[in-house]
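To keep things clear, I will list the structure first and then write my remarks on it.
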Amino acid sequence: MLILLAGGAGYIGSHTAVELMAAGHDVVIVDNYSNSSPEVIKRIEELAGRSVTACEADVRDSSAMRLIMKANPVDCVVHFAGLKAVGESMRKPVEYYRNNIDTTLTLLECMKECGVHNFVFSSSATVYGEENPYPYVETMPRGSCSNPYGWTKFMMEQILEDASRADPELSVILLRYFNPIGAHPSGRMGEDPQGIPNNLMPYVAQVAVGRRDHLTIFGNDYPTPDGTCRRDYIHVMDLAAGHVKAVEYAATRKGTDIFNLGTGTPCSVLDIVRAFEKNSGVPIKYEFGPRREGDLPEFWANADKARTVLGWTAARTLDDMCRDTWNWQRNNPKGYAS
Ligand code: NAD
Ligand code: WQD
Numbered sequence: 004m005l006i007l008l009a010g011g012a013g014y015i016g017s018h019t020a021v022e023l024m025a026a027g028h029d030v031v032i033v034d035n036y037s038n039s040s041p042e043v044i045k046r047i048e049e050l051a052g053r054s055v056t057a058c059e060a061d062v063r064d065s066s067a068m069r070l071i072m073k074a075n076p077v078d079c080v081v082h083f084a085g086l087k088a089v090g091e092s093m094r095k096p097v098e099y100y101r102n103n104i105d106t107t108l109t110l111l112e113c114m115k116e117c118g119v120h121n122f123v124f125s126s127s128a129t130v131y132g133e134e135n136p137y138p139y140v141e142t143m144p145r146g147s148c149s150n151p152y153g154w155t156k157f158m159m160e161q162i163l164e165d166a167s168r169a170d171p172e173l174s175v176i177l178l179r180y181f182n183p184i185g186a187h188p189s190g191r192m193g194e195d196p197q198g199i200p201n202n203l204m205p206y207v208a209q210v211a212v213g214r215r216d217h218l219t220i221f222g223n224d225y226p227t228p229d230g231t232c233r234r235d236y237i238h239v240m241d242l243a244a245g246h247v248k249a250v251e252y253a254a255t256r257k258g259t260d261i262f263n264l265g266t267g268t269p270c271s272v273l274d275i276v277r278a279f280e281k282n283s284g285v286p287i288k289y290e291f292g293p294r295r296e297g298d299l300p301e302f303w304a305n306a307d308k309a310r311t312v313l314g315w316t317a318a319r320t321l322d323d324m325c326r327d328t329w330n331w332q333r334n335n336p337k338g339y340a341s
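Using the numbering used here, read the sequence shown as starting at 4 and increasing by one per residue.
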């Protein structure tokens, strides 16, 4: 199949591109490089061993997207092209709603015009909100989100469900990612945040490589086994493999279906620090700070549905996640600019 990856030069899109090509599919990547770089395309080609069609465009630009879809007989669109920093979304809500909602609407309109019927969407565990008990199951209602980023995912899920209800030809798969970390085992691709990382794993990796002095752990008085928050961290290569299954499944059915992509196992901030130290051999300096506003004490996935319906499970361990992150970080201390 030919898969259009909107935002395919980003962290999750780039790993998915390599996995799709390894499974025999072809990809067209559309990205405006607002949070990535063209260097990523070279790395994808290097790892896949063949060339990729890459178009520099804003996914909100409907004339550009129409031209791209008319020039390439796309079977499925995977939509990664979003702004994703929770804190930034609170300072720039309009930018987040504009980018995230508009990209989704533009893709749906152009797909309809060009006869493309399969859509796989990068959603997030954040849509379970603050009220649902964990582990989260796909049948739970979406909850209320604590920030505009989360609301964009909530709204985009609703838009996609409505679109598929109205169009009997449309197949929509909502993938709710938990906490993606790790990197390609080659050390050639990984997460490359701009500025100070918001997320835990890239921050830990930058402390290890000497770019940051120490990690501040946000709270150690939570009602969890060691007092630090627990999350469901998932290797980005497992996540990428989940996309291959989802793209293939999308082509076999109609309507909306939802899948959690997580391991089903919670892990604390201190577990991450210890596992990273073990796998890198580098001590991580940290101190405890106050809780971060909006953080839930813990949550993780019930990942049964992806196993039974898609035949997918997360195979990689926390040690794999830390080893591959460190391999990427130490070989590319400044990310793709190294
Ligand atoms: P990323 O920022 O690395 O990748 C997103 C890509 O989209 C970037 O390359 C960026 O340049 C591009 N992009 C953004 N707006 C665009 C636009 N208007 N036109 C063209 N390109 C545009 O993020 P990621 O971590 O790879 O996440 C991918 C998707 O998964 C996002 O939608 C994100 O919200 C979602 N998600 C991520 C996580 C996570 O922790 N990384 C968790 C849950 C969901
Ligand atoms: C993990 C844990 C922090 C940084 C976010 C989004 C979510 C999804 C994934 C997109 C928490 C702690 C972190 C630090 C720390 N993204 N931490 N010190 O908040 O679970 O999820 O990314 O959809 O929507 O909210 O991930 O990596 O930021 O934090 O102690 O410097 O690490 O408190 O417990 P989070 P995270």
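We put the CB at the ideal spot given by N, CA and C, even for glycine. Computed from a predicted model, the values in this text were never measured in an experiment.
State the Cα-Cα distance for the pair residue i and residue j, rounded to the nearest angstrom.
i    : j    : result
S54  : D224 : 50 Å
C113 : M68  : 7 Å
Q332 : L218 : 16 Å
D105 : L264 : 25 Å
G298 : V33  : Per the sequence presented here, residue 298 reads as Asp, with Gly not at that position. Distance between the alpha carbons of D298 and V33 is about 32 Å.
N202 : I162 : 28 Å
V276 : H120 : 43 Å
N102 : G85  : 7 Å
G13  : S39  : 5 Å
S341 : G314 : 38 Å
G27  : L5   : 10 Å
C148 : P171 : 30 Å
T227 : P138 : 14 Å
M324 : G284 : 15 Å
E164 : W303 : 24 Å
K308 : K337 : 38 Å
V312 : A306 : 11 Å
A244 : D274 : 25 Å
A60  : F221 : 38 Å
N335 : P188 : 13 Å
P200 : D235 : 19 Å
T107 : D327 : 32 Å
M158 : Y100 : 9 Å
R63  : G146 : 27 Å
R295 : V30  : 39 Å
L178 : V80  : 13 Å
N282 : P196 : 22 Å
P41  : E22  : 19 Å
A20  : C58  : 14 Å
Per DSSP, what are the beta-bridge partners of residue i in this structure?
i    : result
I184 : H238
A9   : V33, H82
N121 : C79, S174
E301 : R233
N263 : R179
C270 : R234
I220 : F291
With distances taken Cα to Cα, identify the nearest neighbour of residue i among the options.
i    : options                : result
V123 : V272, T328, A254, F291 : A254
K45  : M204, G11, P336, P96   : G11
P151 : Y36, S66, A20, R94     : R94
A25  : I15, S17, A51          : A51
V175 : P336, V272, L110       : L110
P269 : I71, L5, R233, K281    : R233
D260 : Y236, E160, P200, P300 : E160
I184 : K248, G118, L7, H18    : H18
Y339 : P144, M158, Y36        : Y36
E98  : T155, S271, P300, S127 : T155
T56  : E22, E251, A74, P144   : A74
F181 : T142, E251, G267, L70  : G267
How about residue i: is its C-beta nearer than 8 Å to some C-beta of chain D?
i    : result
V119 : Included in the structure is just one protein chain, with no chain D present.
- Task: Output the residues surrounding the ligand GDP, defined as those with a CB atom closer than 7 Å to any ligand heavy atom, in chain order.
- Result: The ligand GDP is absent from the structure shown, which contains only the ligand NAD and the ligand WQD.
- Item | Segment contact, 8 Å Cβ cut-off, at least three pairs: the segment 192 to 207 with the segment 28 to 47 | Result yes; three or more Cβ-Cβ pairs closer than 8 Å.
- Message: Contact between the segment 204 to 211 and the segment 284 to 297 is defined here as three or more beta-carbon pairs at a separation below 8 Å; is this criterion met?
- Response: Judged by Cβ distances under 8 Å, the segment 204 to 211 makes contact with the segment 284 to 297, as three or more pairs qualify.
- Query: Is there contact between the segment 240 to 254 and the segment 313 to 320, where contact requires at least three CB pairs shorter than 8 Å?
  - Reply: Between the segment 240 to 254 and the segment 313 to 320, the count of C-beta pairs closer than 8 Å reaches three or more; the two stretches touch.
- Query: Are three or more beta carbon pairs between the segment 131 to 144 and the segment 85 to 104 nearer than 8 Å?
  - Reply: Judged by Cβ distances under 8 Å, the segment 131 to 144 makes no contact with the segment 85 to 104, as fewer than three pairs qualify.
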